[in-house]
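Right, one structure below, let's go through it.
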Amino acid sequence: MPTGEAHTRRTGGRIRSQDAHDAVLAAAIELVEELGYQAVTIERVAARADVAKSTIYRWWKSKAVLVMDAYRTAVEQRMPEPDTGSLAGDLTAFATALYGVSGHPLRLRTLRGLMAEAQLDPAFAEPFREWVESRRAVVLTLLDRGVQRGEIPAAADLEAATDHLFGLFWYRLLVGHQPLDPGQASAHIEQLLHGLDARTP
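Take -15 as the starting number for the sequence shown in the working numbering and just add one per residue.
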């Protein structure tokens, strides 16, 4: 059931800017997950959010920027940065939530579609990469905390470790040769952390 049912037609009164802003983001993520990126239009977002197209263009310069801003907001809400007190706990919580997308077919389809769009549309590729970097930044923060606590060596290659975590996720997501099972997250993180210790002089 689309979450957009909460966005009923507004009548009377002045709509606060933040309310309109939030409504546009919610409408954009609903539509991209329901219809796919290519079927999303500013007109459809405006109608779903009950705002004028000019309002949307005042805040976002293009559909690509709007959709990825909406997606970033949704993912940050669904996957807040964990802080369990240990690196293993943090990374396992993150990976478990990441793999949890496998339980949501619409989100799976959306992720695959956004990745494909980023390979084909140069105008979409930049906002998509910015979103990817925002998710990488979360993992890098977790790893850096681990370095500060002495849980992994200071010389560990944190960028490569981040690639390892997301590389496994995206490969299984796109190729589908193995399942994305949240129950495997702990074992994958254990393997990742063992590799950081083993490969660091």
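C-beta atoms are modelled at their ideal positions from N, C-alpha and C, and glycine is treated no differently.
If you draw a straight line from the C-alpha of Ser1 to the C-alpha of Ala36, how long is it?
Position 17 of the sequence shown, counting from 1, holds the residue named residue 1. Position 52 of the sequence shown, counting from 1, holds the residue named residue 36. In a straight line, the C-alpha of Ser1 is about 12 Å away from that of Ala36.
Does the ligand MN have even one heavy atom less than 7 Å from the beta-carbon of Asp128?
Only the bare structure without any ligand can be found here, which leaves the ligand MN out of the picture.
What residue from Gly179, Leu50, Gly160 and Phe153 has the CA that sits closest to Ala187's CA?
It is not possible to answer for residue 187, since the shown part of the chain is limited to -15 through 185.
Who are the near neighbours of Val122 in its chain, counting only those whose CB is closer than 6 Å to its CB and skipping five residues on each side?
Position 138 of the sequence shown holds residue 122. Cβ within range, chain order: Glu65.
Excluding sequence positions up to five away, which residues of its chain have a Cβ less than 8 Å from the Cβ of Leu142?
Mapped onto the sequence shown, residue 142 falls at position 158. Same-chain partners within the cutoff: Leu124, Leu127, Asp128 and Val131.
Consult DSSP for Glu14 and reduce its assignment to one of helix, strand or coil.
The residue labelled residue 14 in the question sits at position 30 within the sequence shown. In the structure shown, the three-state DSSP call for Glu14 is helix.
For Gly73, collect the residues of the same chain with a Cβ closer than 8 Å to its Cβ; drop the 5 residues on either side in sequence, then sort them by chain order.
Translated into positions along the sequence shown, residue 73 becomes position 89. Contacts found: Pro66.
Nearest-angstrom Cα distance between His178 and Asp34?
For the purposes of this step, residue 178 is identified with residue 194 of the sequence shown, where counting begins at 1. For the purposes of this step, residue 34 is identified with residue 50 of the sequence shown, where counting begins at 1. Taking the straight line joining both Cα atoms gives about 51 Å.
Whether Ile40 touches Val24 by CB criterion (8 Å):
Numbered from 1 along the sequence shown, position 56 holds the residue referred to as residue 40. Numbered from 1 along the sequence shown, position 40 holds the residue referred to as residue 24. No, Cβ-Cβ distance for Ile40 and Val24 is not below 8 Å.
DSSP state of Ala36 mapped onto helix, strand, coil
Within the sequence shown, the letter at position 52 stands for residue 36. Three-state result, Ala36: coil.
Just to check my reading of the structure: His148 and Ala79 have Cβ atoms closer than 8 Å, yes? What is that Cβ distance to the nearest angstrom?
Translated into positions along the sequence shown, residue 148 becomes position 164. Translated into positions along the sequence shown, residue 79 becomes position 95. Contact flag wrong, Cβ pair sits at about 11 Å.
Going by alpha carbons, who is nearest to Asp105 out of Ala145, Tyr155, Ala48 and Ser118?
Mapped onto the sequence shown, residue 105 falls at position 121. Looking at Ala145, Tyr155, Ala48 and Ser118, the one whose alpha-carbon comes closest to that of Asp105 is Ala48.
Quick one: measure Cβ to Cβ for Asp145 and Leu180, integer angstroms, because I've assumed they're closer than 8 Å.
Reading the sequence shown from its first residue, position 161 is the one you call residue 145. Reading the sequence shown from its first residue, position 196 is the one you call residue 180. Note on identity: in this sequence residue 145 is Ala, with Asp being the wrong assignment. With a Cβ gap of about 6 Å, Ala145 and Leu180 count as contacting.
So within the segment 42 to 116, which uninterrupted alpha helix (DSSP H) runs reach at least 4 residues, ignoring any that extend past its ends?
Correct list: 47 to 62, 71 to 83 and 89 to 104.
Just reading off the alpha helix (DSSP H) that Leu142 is part of, what are its end residues?
For the purposes of this step, residue 142 is identified with residue 158 of the sequence shown, where counting begins at 1. Segment Leu142 to Val159, the alpha helix (DSSP H) holding Leu142.
Could you give the distance in angstroms between the alpha-carbon of Leu176 and the alpha-carbon of Tyr155?
On the sequence shown, residue 176 is found 192 positions in, with the first residue counted as 1. On the sequence shown, residue 155 is found 171 positions in, with the first residue counted as 1. If you take the alpha carbons of Leu176 and Tyr155, they lie about 16 Å apart.
Would Ala31 be called buried (16 or more neighbouring beta carbons within 10 Å of its own) or exposed?
Mapped onto the sequence shown, residue 31 falls at position 47. Exposed: under 16 other Cβ atoms inside 10 Å.
Tell me, to the nearest whole angstrom, how far the beta carbon of Glu114 is from that of Met52; I am working on the premise that it is less than 8 Å.
Along the sequence shown, one-based indexing puts residue 114 at 130. Along the sequence shown, one-based indexing puts residue 52 at 68. Indeed they touch by this definition, with Cβ atoms about 7 Å apart.
With C-beta atoms as the reference, is Leu164 less than 8 Å away from Val116?
In the sequence shown, counting from the first residue as 1, residue 164 sits at position 180. In the sequence shown, counting from the first residue as 1, residue 116 sits at position 132. Contact: no.
Under 8 Å between the Cβ atoms of Ser46 and Ala107?
Mapped onto the sequence shown, residue 46 falls at position 62. Mapped onto the sequence shown, residue 107 falls at position 123. With contacts defined by Cβ atoms closer than 8 Å, Ser46 and Ala107 form a contacting pair.
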